[in-house]
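Beneath this line is the structure, given in structure tokens, with notes to follow.
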């Protein structure tokens, strides 16, 4: 039993304990909090003691030797921040769910299961193991939306399941392509990264890349595979939305950096411009559609498409020819954006939940003047919104600044144009977040404003740490960047092969 | 590649033990009073258990051909283990509902005979033995289909019988043709002596027709939904699980050892049609047994994929064997839930989670398992199956299988969702013994999935 296995399976053990000890609803949520806090503490300790670069805390056990798939775990500068983000977000959602009244034990068990799955995915160094966690995340989230959502939850959950499950099967075909193309045949990520498969058959490599990119793009999601996201987010419970946006979407972008780029470098370089275009379209389209929303939660869901677009743009630009330092910067920005988006959008969705719990409505036109009745809520929403639109001093700025500098600085005309268009996305996002703040917080009170009360202690305890960390990353990002930068150089070197 | 030949009855020990148990059970049943017929059931089960143990010990043995017709190789070993294991679960499932039934002993004995025929089907490497095995596996099953002696049961039994008789006749015709063309009935002779030509193709198609009937694949699938709905639930469990195992083993053996030519494309087309048709037909079903019936048809389609690429890739054999075992367990688990709940409408499952959380969880795991969600056993089977398809240069078939899998999510979820919904009426009461079988099967699918490395390294 290694420390990483402990981190991964601790939540699952806690989930089983909920049933074995027949804990009540309240005790269940407290167990969830304690388990997540313990997990967070272990991950922070792992971070502190990690002496990179390279893979730390590695475990490699035989699992299915006949196809050379192993129980291979390990962390590096790419997975550590995401592990930390995952444990933190789950802890915050646990605290937030102290108010959860309906079937809290099952709710806690599902989230603990989901935590195990998410942590396992970010620590997996074997494609099959990665896929197992990738697939299970869909199942767990399906039950969260179908069981505790609102509105047309069954339909949204089904759509979520069908879309992402389709993506995962296409991804599986891609993984099988990688496996069959490697020699000796293996599912081991480290070996596949060392000897990229299909190096001498570019046509096949292109097809395998297509499968992997489509599979990951559904999960990320990028235009045109994003249509499952708005309904799923709108109808999911607040904690579910926060995890979906904060952790599950990262599985897609993480896959780009961990699997697609280093394992199919040549194909990635060949088709990098396609990725760039998809990224730019996602950025602009996501922002424009978000601008048109009346529904607060849908709006935030669409900004996720926009924010994920920056990441896709950055990893695409990393495969273009051009200045190496700039492309490194783009990758660093992409990883920072994964963390930043997790923190800020997680906080935004929890804040949405605060409103919904009091008024059962996301319609922004029915609010107005909320700042007067709920000043703390207003302050938190303002910080999260400003962070999300990329205000300097918060994590979003650090991420997006690096992405734009990297993409535009790469030196090719195409990249510069793409970067230029993407900057437009920031403008639109700024406009829509300012409009959001205006419509909800300021102005004359709407029909529902009277029913809004300020955030409670549990809600505050859940949301403040996320924003505080976004602020820390915004002001003093070195601790994160020091961890990520070696990975970016490694990825750029691997793509350049 | 030439296996050792010998004629040692000890090689057939698992079959002999099972047969002995069944005959002894039949005799016991004749002489004990009705309220003690359970003794006969236990004797049958003991025979199967003894056979299972013997089969497990035989796994490590060498590749041997016994009596010129019975192959002992990994395909046979897995067929034996899966068939006997599934049969044991079916017997356990049927024990309580059949208690005190007028023909209690007959149920158990006929079930064991079906299993014996199925093993012979999977192990045969001679066309004549194959035909005999086909009959041995079919006839007890016909009788079982009409076991309830009610209208629906009689209809389903008749349909089952007529279809089986017709396709059995096709099969015999095919065997005759191939015998004439290849001058022998043993697979070895046929592999060397079979010319290629339209007559051979016709013969092969006729031969395969019978096996497709047993497998419940398109176009011989019409009996599956009717029998599954009309026969008693335990029998439905048996006929959708056990005979398929042998049929796929036999198809695979034919594909790998005898026919290298147009085989792959034909079977690939049948596979694509089977999975697609099964899935499409399952969409509208409101009766869970019919839904499961169509699901078994679509699963038959996936199982035909490794059959199609038999002999073209090393992955085909583990893919088939693993998938078939995983399918048998998972399907059994799902049917066991149906038996435990005892109701057939999807709406009747409303509130199951509240009534029996563990049974609802078993249902979820089995249905998600049938979809192929990790870490259940079917997931590993599906990965191997897709890998075999891609490596055998049938990537399009892998894509069709993947698309079908996504489509199947829809109807499996239609069943899962009400189980977690609020009950309008009193939620159904649950039969404990059947629920225990469901738990066992479900746990085994998880064990087989997570411990797949161990299972795969055995063959």
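Chains as they are written, first to last, in our numbering: chain S, 115 to 611; chain A, 53 to 511.
The beta carbon of each residue, even a glycine, is placed where N, CA and C say it ideally should be.
Within its chain, find whatever has a CB closer than 7 Å to the CB of residue i; leave out the 5 residues flanking it on each side and keep chain order.
{"i": "residue 96(A)", "result": "73, 74, 77, 143, 160, 161 and 164"}
{"i": "residue 126(S)", "result": "226, 227 and 230"}
{"i": "residue 441(S)", "result": "431, 432, 520, 524 and 606"}
{"i": "residue 286(A)", "result": "142, 145, 146, 149 and 391"}
{"i": "residue 356(A)", "result": "269, 319, 322, 323 and 326"}
{"i": "residue 491(A)", "result": "410 and 414"}
{"i": "residue 405(A)", "result": "412, 471 and 472"}
{"i": "residue 508(A)", "result": "370 and 374"}
{"i": "residue 349(S)", "result": "259, 263, 264, 265, 266, 267 and 270"}
{"i": "residue 168(S)", "result": "190"}
Give me, in chain order, the residues of the same chain whose beta-carbon lies closer than 6 Å to that of residue i; leave out the 5 immediate sequence neighbours on both sides.
{"i": "residue 53(A)", "result": "Low confidence applies to residue 53(A): its pLDDT is 45, below 50, so where it sits in the model is not reliable enough to give any reading."}
{"i": "residue 454(S)", "result": "509, 510 and 513"}
{"i": "residue 334(A)", "result": "343, 346, 347 and 463"}
{"i": "residue 595(S)", "result": "none"}
Just the Cα atoms here: how many angstroms apart are residue i and residue j?
{"i": "residue 201(S)", "j": "residue 460(S)", "result": "13 Å"}
{"i": "residue 194(A)", "j": "residue 274(A)", "result": "15 Å"}
{"i": "residue 272(S)", "j": "residue 337(S)", "result": "20 Å"}
{"i": "residue 329(S)", "j": "residue 281(S)", "result": "4 Å"}
{"i": "residue 495(A)", "j": "residue 107(A)", "result": "22 Å"}
{"i": "residue 172(S)", "j": "residue 189(S)", "result": "7 Å"}
{"i": "residue 138(A)", "j": "residue 272(A)", "result": "23 Å"}
{"i": "residue 128(S)", "j": "residue 606(S)", "result": "40 Å"}
{"i": "residue 577(S)", "j": "residue 210(S)", "result": "8 Å"}
{"i": "residue 252(S)", "j": "residue 490(S)", "result": "35 Å"}
{"i": "residue 224(A)", "j": "residue 183(A)", "result": "7 Å"}
{"i": "residue 81(A)", "j": "residue 157(A)", "result": "6 Å"}
{"i": "residue 122(S)", "j": "residue 203(S)", "result": "15 Å"}
{"i": "residue 105(S)", "j": "residue 499(S)", "result": "Any question about residue 105(S) goes unanswered here, given that chain S covers just 115 to 611."}
{"i": "residue 221(A)", "j": "residue 306(A)", "result": "19 Å"}
{"i": "residue 484(A)", "j": "residue 475(A)", "result": "20 Å"}
{"i": "residue 306(S)", "j": "residue 377(S)", "result": "6 Å"}
So, residue i versus residue j, is the Cβ gap smaller than 8 Å?
{"i": "residue 361(A)", "j": "residue 440(A)", "result": "yes"}
{"i": "residue 358(S)", "j": "residue 237(S)", "result": "no"}
{"i": "residue 436(A)", "j": "residue 371(A)", "result": "yes"}
{"i": "residue 497(A)", "j": "residue 385(A)", "result": "yes"}
{"i": "residue 171(A)", "j": "residue 131(A)", "result": "yes"}
{"i": "residue 343(S)", "j": "residue 335(S)", "result": "yes"}
{"i": "residue 197(A)", "j": "residue 169(A)", "result": "no"}
{"i": "residue 70(A)", "j": "residue 124(A)", "result": "no"}
{"i": "residue 466(A)", "j": "residue 417(A)", "result": "no"}
{"i": "residue 302(S)", "j": "residue 182(S)", "result": "yes"}
{"i": "residue 227(A)", "j": "residue 237(A)", "result": "yes"}
{"i": "residue 427(S)", "j": "residue 394(S)", "result": "yes"}
{"i": "residue 349(A)", "j": "residue 330(A)", "result": "yes"}
Please list, in chain order, the chain S residues whose beta carbon lies closer than 8 Å to that of residue i.
{"i": "residue 462(A)", "result": "272 and 276"}
{"i": "residue 127(A)", "result": "In chain order: nothing, as chain S lies at least about 16 Å away."}
I'd like the list of long-range same chain contacts for residue i, defined as Cβ closer than 8 Å, with 5 residues on each side in sequence excluded.
{"i": "residue 454(A)", "result": "438"}
Using a cut-off of 8 Å between C-beta atoms, extract the partners of residue i located in chain A.
{"i": "residue 176(S)", "result": "505"}
{"i": "residue 293(S)", "result": "439"}
{"i": "residue 261(S)", "result": "472"}
{"i": "residue 242(S)", "result": "435"}
{"i": "residue 290(S)", "result": "435, 438, 439, 442 and 450"}
Below 7 Å on C-beta distance, what does residue i contact in chain S?
{"i": "residue 457(A)", "result": "283"}
{"i": "residue 509(A)", "result": "179 and 180"}
Considering only heavy atoms of the ligand PLP, does any lie closer than 7 Å to the CB of residue i?
{"i": "residue 60(A)", "result": "With respect to the ligand PLP, the structure shown offers nothing to examine, as it has no ligands at all."}
Just to make sure I have the definition right: I need the residues of chain S whose C-beta is within less than 9 Å of the C-beta of residue i. Which are they?
{"i": "residue 369(A)", "result": "Within chain S, no residue comes near residue 369(A); the closest Cβ sits about 11 Å away, beyond 9 Å."}
{"i": "residue 469(A)", "result": "260, 268, 271 and 272"}
{"i": "residue 454(A)", "result": "280, 283, 284, 286 and 287"}
Whose Cβ in chain A lies nearer than 7 Å to the Cβ of residue i?
{"i": "residue 246(S)", "result": "426 and 427"}
{"i": "residue 132(S)", "result": "Ordered by position in chain A, no residue passes the 7 Å Cβ test against residue 132(S), which lies about 12 Å from the chain."}
In chain order, what residues of the region 265-296 of chain A put their CB closer than 7 Å to some CB of chain S?
Against chain S - using a Cβ distance shorter than 7 Å - the region 265-296 of chain A contributes no residues.
Using a Cβ-Cβ cut-off of less than 7 Å, give me the residues of the region 169-196 of chain S that come near chain A, in sequence order.
Within the region 169-196 of chain S, the residues whose Cβ lies closer than 7 Å to any Cβ of chain A are, in chain order, 176, 177, 178, 179 and 180.
Which residues, in order along the region 419-436 of chain A, keep a beta-carbon less than 9 Å from a beta-carbon of chain S?
For the region 419-436 of chain A, the beta-carbon criterion of a distance under 9 Å to any beta-carbon of chain S is satisfied by 420, 423, 424, 425, 426, 427, 431, 432, 434, 435 and 436.
Using a beta-carbon distance cut-off of less than 8 Å, what residues from the region 162-178 of chain A approach chain S?
Within the region 162-178 of chain A, no residue qualifies.
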